[in-house]
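**Q**
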Amino acid sequence: RFIFEIVFEALEDIQEDIEWKLIYVGSAENERFDQTLDNVLVGPIPRGVHKFLFDAPGPNWKLIPKSDIVGLTVILITCHYREQEFARVGYYVNNEYTSDELRESPPEEPKLKELKRIIIASDPRITTFHIKWDLDDPVINQ
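For the sequence shown, counting from 1, position 93 maps to 155 in the numbering used here; every step adds exactly one.
Spelled out as structure tokens, the structure:
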């Protein structure tokens, strides 16, 4: 389970919903293993600072290659307005065994009940994108 406290500022009133998505990267090798854990629509949004809790289930381990279950991966929070992504925040996540014995000699078949998830929250990767916010805005080349 993932719970993020989202804090954001709207510099002006936003009439339509902003869509927030939480995506678990199942494999660095192939996007098809990425899982959208949840999405939520927030809006309309008045000018000012806003806060909410984004609570989502953990990934379905059956959909992740066994070789990618243990070790480093990424969780992404993406923000969309009118189906255009304007912000992405990525956090490294380390899935590791709770015992030294399993860390030193990992089993071939991952033992899910013996894993703990560590989110490296102190070093997020933040990316922003130019989008067309209003119908009157010129088209922005990305």
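Even for Gly, the Cβ is constructed at its ideal location relative to N, Cα and C.
What did DSSP end up calling K124 once you bin it into helix, strand or coil?
**A** Your numbering for residue 124 matches position 62 in the sequence shown. In this structure, K124 counts as helix in the three-state DSSP scheme.
**Q** Leaving out five residues before and five after E176 in sequence, what residues of the same chain have Cβ atoms less than 8 Å from its Cβ?
**A** By 1-based counting over the sequence shown, the position of residue 176 is 114. Only Y159, T160, S161, L164 meet the Cβ criterion.
**Q** So, for V151: in the same chain, excluding its five sequence neighbours on each side, which residues have a beta-carbon less than 6 Å away from its beta-carbon?
**A** Position 89 of the sequence shown, counting from 1, holds the residue named residue 151. Excluding residues within five positions, the ones whose Cβ falls inside 6 Å are I139, P186, I188.
**Q** Among L134, Y86, E81, whose alpha-carbon lies nearest the alpha-carbon of E147?
**A** Counting from one through the sequence shown, the residue named residue 147 turns up at place 85. It is E81.
**Q** According to DSSP, is D185 helix, strand or coil?
**A** Locating residue 185 in the sequence shown gives position 123, counting from the first residue. In this structure, D185 counts as strand in the three-state DSSP scheme.
**Q** How big is the Cα-Cα spacing for S184 and Y154?
**A** Working through the sequence shown from its first residue, we reach residue 184 at position 122. Working through the sequence shown from its first residue, we reach residue 154 at position 92. Distance between the alpha carbons of S184 and Y154: 10 Å.
**Q** Indicate whether I65 and D100 have their beta-carbon atoms separated by less than 8 Å.
**A** Taking the first residue of the sequence shown as position 1, residue 65 is located at position 3. Taking the first residue of the sequence shown as position 1, residue 100 is located at position 38. For I65 and D100, no; Cβs fall outside 8 Å.
**Q** Can you say whether L84 is buried or exposed, counting buried as having 16 or more other CB atoms within 10 angstroms of its CB?
**A** For the purposes of this step, residue 84 is identified with residue 22 of the sequence shown, where counting begins at 1. L84 comes out buried.
**Q** Return the residue from the list G105, R109, F95 that minimises the CA-CA distance to E71.
**A** As a position in the sequence shown, residue 71 is number 9, starting the count at 1. When only C-alpha atoms are compared, the closest one is R109.
**Q** Can the beta-carbon of V86 be found closer than 8 Å to that of Q77?
**A** Here residue 86 refers to the residue found at position 24 when the sequence shown is read from its first residue. Here residue 77 refers to the residue found at position 15 when the sequence shown is read from its first residue. First, the amino acid is wrong: residue 86 is Tyr here, not Val. Going by C-beta atoms, Y86 is not nearer than 8 Å to Q77.
**Q** In the DSSP assignment, the alpha helix (DSSP H) including R32 goes from what residue to what residue?
**A** In this structure the chain extends from 63 to 204, so residue 32 is not present and cannot be described.
**Q** With H, G and I counted as helix, E and B as strand and the rest as coil, what does DSSP make of D117?
**A** The residue given as residue 117 occupies position 55 in the sequence shown. Note: D117 maps to strand in three-state DSSP.
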